[in-house]
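Visitor: Protein chains in written order, with the numbering used here: chain A, 138 to 341; chain B, 27 to 321.
Quick reminder that beta carbons are idealized off the backbone N, C-alpha and C, glycines included.
The structure displayed is predicted, hence computed values, not measured ones.
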Amino acid sequence: MRNPYEVLEIREGASEEEIKAAYKKLVRKYHPDQYANNPLSDLAEEKLKEINEAYDFLMKNKGNYNRNQESNNWSNQQYNNNNSSIYTQIRAYIERGNINQADQMLESITSRDAEWNYLKGIIFLRRGWYDMAYQHIQLAVNLDPYNTEYRTALNNLASRANAYRDIGTSRGYRKDPSFCEICQCLFCSDCLCECLGGDLIRCI
Amino acid sequence: MFGYVTPYKSELKVREYDMFKAYYCGLCKTLGKEFNHIVRFGLNYDLTFLALLLSSIEEEKEIITREGCIANPLKKKDIVNTNKSLIYASNISIILIYYKLLDNWKDEKSIKSLIAATPFLLPLKKANNAYNNKSLVIKDCLDKLTELEKNKCNRIDEAADTFGKLMEEISAPDYIEDNKTERILKWIGYNLGRWIYILDAFNDLEDDIKNKSYNPVLLQYNYNKDETVDNFKERIVASIEFSLTMSLEAISKSFEILNIRKNQGIIENIVYMGTRHKMEVILNKREVCKHAKSI
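1) Going by DSSP, name the residue or residues bridged to Glu93/B.
2) Distance, Cα to Cα, Glu244/A vs Glu232/A?
3) What in chain A is Cβ-close to Ser280/B, meaning under 7 Å?
4) With DSSP run on the structure shown, which of helix, strand or coil describes Asn154/B?
5) Let me make sure I understand the geometry here. Which of Ala143/B, Cys95/B, Lys138/B, Tyr50/B has the alpha-carbon closest to that of Asn109/B?
6) Using a cut-off of 8 Å between C-beta atoms, extract the partners of Gly215/B located in chain A.
7) Got a sec: does the ligand COA put a non-hydrogen atom nearer than 7 Å to the Cβ of Lys206/B?
8) Output the distance between the C-alpha atoms of Leu284/B and Glu252/A, rounded to the nearest integer angstrom.
9) In chain order, what residues of the same chain have a beta carbon less than 6 Å from the beta carbon of Gln214/A, not counting five sequence neighbours either side?
10) Provide the residue(s) that pair with Asn98/B in DSSP beta bridges, ordered along the chain.
11) Check whether the Cβ of Arg308/A lies closer than 8 Å to any Cβ atom in chain B.
12) Along chain A, which residues have their Cβ under 9 Å away from the Cβ of Arg66/B?
13) In this structure, how does DSSP classify Asp169/B when only helix, strand and coil are distinguished?
14) Using beta carbons (cut-off 8 Å, strictly below), is Tyr6/B in contact with chain A?
15) Residues of the stretch 236–257 of chain A with a CB closer than 9 Å to any CB of chain B: list them in chain order, please.
16) Measuring CB to CB, does Ile105/B end up less than 8 Å from Glu86/B?
17) Pull up the CB-CB distance for Trp213/B and Leu177/A, whole angstroms please, since I reckon it's below 8 Å.
18) Of all the options Arg264/A, His168/A, Ala159/A, which has the alpha carbon lying nearest to the alpha carbon of Met196/A?
19) Under the assumption that Pro199/B contacts Leu80/B (Cβ atoms under 8 Å), give the Cβ distance between them as a whole number of angstroms.
20) Under DSSP, the alpha helix (DSSP H) around Gly215/B begins and ends at which residues?
21) Using beta carbons (cut-off 8 Å, strictly below), is Gln275/A in contact with chain D?
22) Given this structure, state the Cα-to-Cα distance separating Gly29/B from Tyr71/B, to the nearest angstrom.
23) For Val263/B, which residues in the same chain have their Cβ closer than 6 Å to its Cβ, ignoring the five residues on either side in sequence?
24) Under 8 Å, with one C-beta from each stretch per pair, do the stretch 188–199 of chain B and the stretch 138–156 of chain B reach the 3-pair mark?
25) If I measure Cβ to Cβ from Lys184/A and keep anything under 8 Å in the same chain, skipping five residues before and after, which residues do I get?
26) From Ala115/B to Arg288/A, what does the alpha carbon distance come to, in whole angstroms?
27) Under the three-state reduction of DSSP, which class applies to Ser197/B: helix, strand or coil?
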């Protein structure tokens with residue numbers, strides 16, 4: 138086992154709070170949702186496992202803790218909604234990573250309903266064809282608006298694109314002040330100035 | 027279609043900035059040492075990124091020396107000494123640039139390109155010998171791209187897939203033995219290639235309309251002549267941006283599980299900010315920041 142402090146990216150002898158904070162951050166980072174339909178999801182899972190083990194090790198005898206271990210097995214939750222056995226087979230192929238076989242079977246189906254479009258979208262997603270993936274999953278949602286699985290997949294895409302942007306932003310990308318912030322800054326400066334007896338802007 | 031992968035300069039630390047430049051100079055020097063001085067003009071940022079990424083997973087620290095160079099003989103600069111990943115990146119540069127120049131010659135009958143390609147002939151032979159399997163795949167992918175253009179492929183994803191496969195191949199050198207690392211590098215490469223291809227296609231819209239050249243973006247979204255370029259761009263920009271952002275997301279997610287040993291800050295800067303900035307500038311979402319123009 139690797140040094141658990143190293144795994145959690147903290148210094149040795151970090152406090153319980155620090156360990157928890159680091160753990161939470163990492164779990165969020167490698168959460169299965171973040172790697173849904175990513176061909177490297179198994180590697181992310183391994184990483185998460187290592188993080189969980191390191192956390193367990195450090196937290197032993199230190200009271201309760203909540204472990205975030207949702208399954209990313211999207212197909213498991215949904216099998217019961219699905220009567221068509223060919224779709225079940227296709228899902229199994231996708232699950233096992235045999236994308237070509239899944240695609241071939243899908244192509245042989247002539248009636249292209251919501252489920253068909255959804256699975257096609259997932260296959261495109263695994264291949265990195267994000268434009269086609271989005272189109273097909275969107276179509277699946279349009280065809281069957283009440284299906285939560287399709288909707289979740291669509292939302293997951295949008296939220297991942299946002300999550301990517303958030304990381305860059307939190308690291309300082311796009312720090313130019315917005316109009317509101319400029320106003321706020323001027324207003325505060327004016328207040329401070331007035332406190333000291335001066336006046337920065339006469340009208341406020 | 028090279029030069030899109032650069033850091034976001036305003037958020038780089040000075041030492042990271044120096045290190046990136048040292049890699050850039052290191053690749054240039056390696057090209058000179060391994061081949062000849064003329065091929066050094068083919069230097070580009072995307073392959074610098076590749077060298078940086080590949081060396082970040084190696085145990086050994088890079089050795090940095092201060093040297094002058096032909097472009098600026100008086101000023102000494104930090105330069106990363108030739109190492110495994112720089113040699114690899116320089117060989118791949120040769121193969122790519124040669125075929126790119128040859129392609130220009132075939133497409134546009136550009137004599138300039140034909141002449142420019144000659145100093146690459148001998149180096150190409152050497153690079154081909156050393157990295158024969160990579161060279162074959164590169165050539166194969168480029169041939170496929172030509173084929174797609176001929177058939178007027180109207181799916182952006184499909185056209186970009188071929189260039190993605192090319193980058194996938196070159197992102198994982200044979201000397202990498204760990205299967206997981208190889209998988210991660212390939213997925214980074216695939217998505218990077220895809221991203222570069224689509225961004226480049228978007229960047230070329232005006233020119234391609236004017237010259238009536240092939241462009242999958244025009245075909246997929248049925249550009250018609252009555253539409254102004256700006257209107258067309260406005261109509262499609264959201265979905266292009268989504269697709270490109272997802273590629274960047276995939277790159278960042280792959281990078282997060284890669285076992286990085288050094289230069290994490292620079293690579294993160296490129297993956298989360300540099301590429302995003304480049305994309306937003308080209309999609310006209312953002313003014314070019316004065317400080318972030320080029321390194």
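Guide: A quick look at the data gives this:
1) Lys103/B
2) 18 Å
3) Leu177
4) helix
5) Tyr50/B
6) Near Gly215/B there are no residues of chain A at all, since even the closest Cβ is about 11 Å away, more than 8 Å.
7) Annotation note on the ligand COA: not contained in the displayed structure, which lists no ligands.
8) 34 Å
9) Only weak support exists for where Gln214/A lies, its pLDDT of 42 falling under 50; the coordinates are left without a value.
10) Cys95/B
11) yes
12) What Arg66/B touches in chain A: nothing, since even the nearest Cβ is about 32 Å away.
13) helix
14) There is no way to answer for residue 6/B, as the model of chain B reaches only from 27 to 321.
15) none
16) no
17) 6 Å
18) Ala159/A
19) 7 Å
20) 205–229
21) Checking the listed chains, one finds no chain D in this structure; the protein chains it contains are A and B.
22) 5 Å
23) Leu309
24) no
25) Tyr167
26) 43 Å
27) helix
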